[in-house]
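Protein sequence lines, in the order shown, are assigned to chains A and B. Using this note's numbering, the letters of the first sequence correspond one by one to residues 598 to 1177. Using this note's numbering, the letters of the second sequence correspond one by one to residues 7 to 597. To start, the structure under review is shown below, and the notes come after it.
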Amino acid sequence: MNKKTRHKLLRYLKGYGRQSVLAPLFKLLEALFDLLVPLVVAEIINVGIAQNNVPFILQRCALLVGLGVVGLACAITAQWFAAQAAIGCATAMRHALFQHIQVLDFSQMDALGTSTLITRLTSDINQVQNGLNMFLRLFMRSPFIVFGSVILAFSIDRRAAMAFAVAVPVLSLIVFGIMRLTSPMYRRTQNQLDGVLRLTRENLTGVRVIRAFGREEQEEEQFRRENQALTRMQLRVGRLSALMNPLTYVVVNLATVAVLYAGAQQVEGGVLLSGDVYALVNYMSQILVELVKMANTIVLTSKALACAGRVQAVLDLEPQMAFPREEVAPEGEEAIAFDHVGLTYAGAGGESLRDITFTVRRGETFGIIGGTGSGKTSVVNLIPRFYDATAGHVRLFGRDAADYPKDQIRREVAVVMQRPQLFSGTIRSNLLWGNAGADDAALWQALETAQAAEFVRKKPLGLDEPVEQGGRNLSGGQRQRLTIARALVGRPRVLILDDSASALDFATDAALRRALRALRGELTVVIVSQRTSSLQHADQILVLEDGQQAGLGTHEELLASCPVYREIYESQFRKGGESA
Amino acid sequence: MKSGKARQKISGAVVRRVLRSIRPYRLLLILSLVLAALSVGTQLLIPILSGWAIDQMLGAGAVNFAALWPILLAIAISAGVTALAQWGMSECNNRMAFCVSRDLRNAAIGKIQRLPLKYLDGHPTGDLVSRVIADVDVFSDGLLMGFTQLFSGVLTILGTLAFMLYIDVPIALVVIFITPLSILTAGFIAYKSEKYFRRQSQIRGEQTALINEMIEGQKVVQSFRQEGPVLERFDEINGRLRHASLRAVFYSSLTNPTTRFVNSMVYAGVALAGALSAVGGGISIGGLSSFLGYANQYTKPFNEISGVVTELQNALTCAGRLFELLDEEEEVPDGPQALDLPPDQVTGAVELSQVSFRYEADRPLIEDLNLRVRPGQHIAIVGPTGCGKTTLINLLMRFYDVDGGSIAVSGRDIRTLTRHALRRSYGMVLQDTWLKTGTIRENIAYGRPEATEEEIVAAAKRAHAHSFIKRLPQGYDSPVSEDGGNLSQGQKQLLCIARVMLYLPPMLILDEATSSIDTRTELKIQDAFGQLMAGRTSFIVAHRLSTIREADVILVMRDGRIVEQGTHDALMAQKGFYAKLYNSQFEGAGD
């Protein structure tokens, strides 16, 4: 990862400055004590045993115990600080990311998609936490032990320590080289595993089609092929990474042989004592352990940095839309006005809306109709400024839509989206989203208008009936009516129903429209539908085809003048039994 | 207590199954164990050898080079043998692990093809996928790697003890005496941290649920200005998570330092006992050095083993979940006398007599259903949600077997036919538009892979899919991503229709086949459907009037029974349930 990410990461460590310095520092102390042990033992051998000095031996062994105790204390302190810093940082990051997602534009959310946002909030940040924790604990310790061992070896005897100068680079080459070679292979293997996973899913979700076409054997065969490819890749990368331990082991032991030989010569020459040779051999075996740890830390850290980069990428997204802060007073008779409006979604090839012009007066009911993909939702999404028009102007109550603060425009315009989305809690807690201060009477009134009062009353707990995640425990029609009620609770000036009565039967749909008409005068209603029957009483209907305005007028006018509308109407109300 | 016993029994069965799945690789297993023993043996020799080497260096001018050389050579050879044995062992283990998981996955996918839909409909896809993918992974990693680690860990401990006892009994006793300390502390830490880990994962689950819900509903959150309250809820959970995580991470990170501490106590003990013994002339300096070498690594296998045990348990649980899937009862296989039914022998006659069926034993659904369909007739099925329309199709295709009565096709009970033969007789377009990852072409030709280019294009044209396919960057070779994510719902449905248009089956089942297509396009496809259905027995479930009105027979279903039956005009004249549905425009009634 680049410096910038690393720099920004540091922001979340703020407040944990003390911990992030102390953790590695205490680790360093612990390492220092570890490094002293072989020297103490060498002394025991060279002085204590050689001179039969029992008090000396006792004293040095007490020192060994002391070193262990102090080392343990240091290590525990270090782990505590490291955990505090890593978890504090992750908590702060999670908060920052979640908060940031709340202010992202709809177009940014479209571009990102929900699943990646969820991954970044959960597993990516967990990875950062693990990586940081490991990093704080080991980034000082491991290099310190490796180089400390080399330095101490040289301080014991330069000639005998030459083996270290050769072994350390060779070991590093093996450890880091194999990691470098295998990491892209592991990535490819993971991709192949994802492929096998996809096939498994497909075999389950498509079971009816597969069996209907009698393709079970071919599917199984394809799975076996992909599975075999996966196994081959796993074996290949496994074989390579299995080289690391044996190779390093051989190198370390050859180096030990060299140390023993050089040591023997120095002992012969009277330069060294046998205790020193022991210490040298001991340092050699410490190096290997720490090198492997270091390599693992590097892998983990770089993974964590990659994850941090992914989190940072979202945090770096600046909302493209600016909202003023000052509330403005809605005025005029025109509730909604589109003036030659065009819309091109970010990253899309072509325009989704072109040259749309219409005016809706206060209290009117406005219908929008058109085939799948004709741009109906795009039109209504411009009204509460979920997106900005890329051409022309959208005006709301006499003012440009961009003149309203975010909070105000979303309060004035309530959208009931195509997919009825409820949240876990109770019916009441869902309705209160429209207006946290609403009393029960207001909630019931909204439920009545939305034709939901009857079924809510039938629930054992009424308004306090629990709602499961996504409203799973309610039927599609019930969910739709509750989302309509939720929008009504906020007493908006404009209510938009984006095909949100599709799961209602004709009678309920009609009753809903009647109830909404009764609120007339206060409420401007925009209804998006595929059914002409839902719209024929609207004051005006906008007909869309491929993002263009194909007609505008009342039901009767359109039947007379708009061929697209007529075709839609006839496809739904064709009488008699001709053709098929 | 009782459930614990039951679990143990299951574990026993699981272990036997595991052993059976390893059986084809038993030579590899034996080889791996032999190599493990070899590598442990040579590895443990090295501290002794280097101790001997140090013993040859008595002091200035007193180094016995003649004796030193062979010792050094022996160290090099031991290291080489250890390395080779280790490498061979990992190769064996990898082979075993990866091949066993391959075999298990292959078995699982084969099983999935033979499981009754009752099972597959009743189990979430995600759960089954995770058994085939994640559980198998944990199993192969944990069990097979764990097994060999356990084996070499135990060998290392025993070997170390043996070597230490060989060098010097009293000092070895010192080591054995201090060892339980290590096990105790490791156990204590594991106990402590597990408690916090459980709490951490519970809170994490809570947080993930909130994240899932709120991020998925982000647009609703923003349009209702709920950013603040939602963030508050998030932060509350985040705070608790921090508290639990801090403890979980801290306690678990104590394992290493405390082990190192116990190790250094063992080390100090050996140094003391060894040095004192050496002073008394009991042990050589080289012997002391070997001892210290052992003491340095002695506790390591203990930690590994305790880790391995949890991994093994984990692996067995995962294996158990997979075996559960593999043990599920399969569809009753086609009997040996099951007949083939070549397409040219399908007359199109279908007869249901006294059919009864229920998904759950205590909830009757279809009772005593009788229906006689003459060849070439078009049967529309209408009725409110849950009335059994889709169930009827499940029975016709024999995705489910009837509980009572019988269904006959071309005069033969469908249970006397092979499933392939029966299903081949129908072409099916469902509301659920399943496409396979691959190209557009492969998807259209799914039922007839041998179809020519011209046939594929012709089918696409009939389904009114040709024009949008042509506009795609790579035309018929354009990739279809997972779940057809790059296509609109309507486009996917057109492809499903093209698939059947190419397949040209003797009979048709259309279950809400045009539900995602706007009414104008639907009108255009009607003609194509009309041609396709001409002369073919067809079952049509739809809630749009235009698709149903022309049917020869309309079955009006309610609560699993056919309540009315007849042509549109006859039923309208009856002024019954159908007329009521019709007058409410049918709309919504079918969902």
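From the three backbone atoms N, C-alpha and C, an ideal C-beta is built for every residue, glycine too.
Contacts between Q787 of chain A and chain B, judged by CB atoms closer than 8 Å, are missing: the closest CB pair is about 11 Å apart. Counting only the Cα atoms, G811 of chain A lies some 13 Å from V506 of chain B. Taking a cut-off of 8 Å for Cβ pairs, the stretch 932-940 of chain A and the stretch 948-957 of chain A touch, as three or more such pairs fall below it. Closest option to V976 of chain A, judged by alpha-carbon separation, among A:L1085, A:T941, A:E818 and A:V618: A:T941.
Here DSSP, grouped into helix, strand and coil, assigns P1063 of chain A to strand. With a threshold of 7 Å between beta carbons, M706 of chain A makes contact with chain B.
Counting only the Cα atoms, P485 of chain B lies some 17 Å from E459 of chain B. Taking a C-beta distance under 7 Å as the contact criterion, S416 of chain B and A355 of chain B qualify as a contact pair.
Listed by position along chain A, the residues whose Cβ is nearer than 7 Å to that of F256 of chain B are Q676, W677 and A680. From the listed residues B:L371, B:I311, B:S295 and B:I36, the smallest Cα separation to I163 of chain B is found for B:I311. Following the DSSP letters along the chain, one finds L171 of chain B inside the alpha helix (DSSP H) bounded by residues G152 to I173. Looking at the DSSP output, D1004 of chain A sits in no beta bridge, so it has no partner there. Following the DSSP letters along the chain, one finds R992 of chain A inside the beta strand (DSSP E) bounded by residues A988 to L993. Contact of F810 of chain A with chain B is assigned, a C-beta pair being separated by under 7 Å. Under the DSSP assignment, H384 of chain B falls in the beta strand (DSSP E) whose first and last residues are H384 to V388.
With 16 or more neighbouring CB atoms inside 10 Å of its own CB, N730 of chain A falls in the buried class.
Burial check for F183 of chain B: the Cβ neighbour count within 10 Å stays below 16, so the residue is exposed.
Between Q213 of chain B and I243 of chain B, the CB-CB gap stays under 7 Å. Our two residues, V1013 of chain A and R992 of chain A, have alpha carbons roughly 20 Å apart in a direct line.
Burial state of E336 of chain B is exposed, judged by a 10 Å Cβ sphere holding fewer than 16 other Cβ atoms. Taking a cut-off of 8 Å for Cβ pairs, the stretch 242-257 of chain B and the stretch 1027-1037 of chain A do not touch, as fewer than three such pairs fall below it. Beta-bridge annotation (DSSP): I568 of chain B is paired with B:M563. Taking 8 Å as the cut-off between beta carbons, the residues of the stretch 829-847 of chain A near chain B are Q831, L832, G835, R836, A839, L840, N842, P843, L844, Y846 and V847, in sequence order. The stretch 120-134 of chain B and the stretch 271-281 of chain B do not touch, with fewer than 3 CB-CB distances between them shorter than 8 Å.
Shortest Cα-Cα distance from E357 of chain B to any of B:L375, B:R364 and B:Q351 involves B:L375.
For G967 of chain A, the beta-bridge partners assigned by DSSP are A:L1141. Counting C-beta atoms within 10 angstroms of its own C-beta, D133 of chain B has fewer than 16 neighbours from the protein chains shown and is therefore classed as exposed. Residue range G614 to E640 is occupied by the alpha helix (DSSP H) that includes E640 of chain A, with no beta strand (DSSP E) assigned at that position. Sorting A:I722, A:L796 and A:K890 by C-alpha distance to the C-alpha of A905 of chain A places A:I722 at the top. Excluding the 5 residues flanking it on each side, T261 of chain B has same chain C-beta neighbours closer than 6 Å at I195, in chain order. Residues of the same chain with a CB within less than 7 Å of the CB of L55 of chain B, apart from the 5 flanking positions on each side, are I77, A80, I81 and S84 in chain order.
For the stretch 1117-1146 of chain A, the set of residues with a beta-carbon nearer than 7 Å to any beta-carbon of chain B comprises Q1127, R1128 and S1130, in chain order. In the assembly as shown, I36 of chain B is an exposed residue. Its beta-carbon has fewer than 16 other beta-carbons within 10 Å. Annotation: the stretch 417-455 of chain B contains the following complete segments of the alpha helix (DSSP H) (minimum length 4 residues), in chain order: 425-430 and 446-450. For F545 of chain B, the beta-bridge partners assigned by DSSP are B:I385 and B:I515. Scanning its chain for C-beta atoms nearer than 6 Å, with the 5 sequence neighbours on each side dropped, one finds around T898 of chain A the residues G728 and F732, in chain order.
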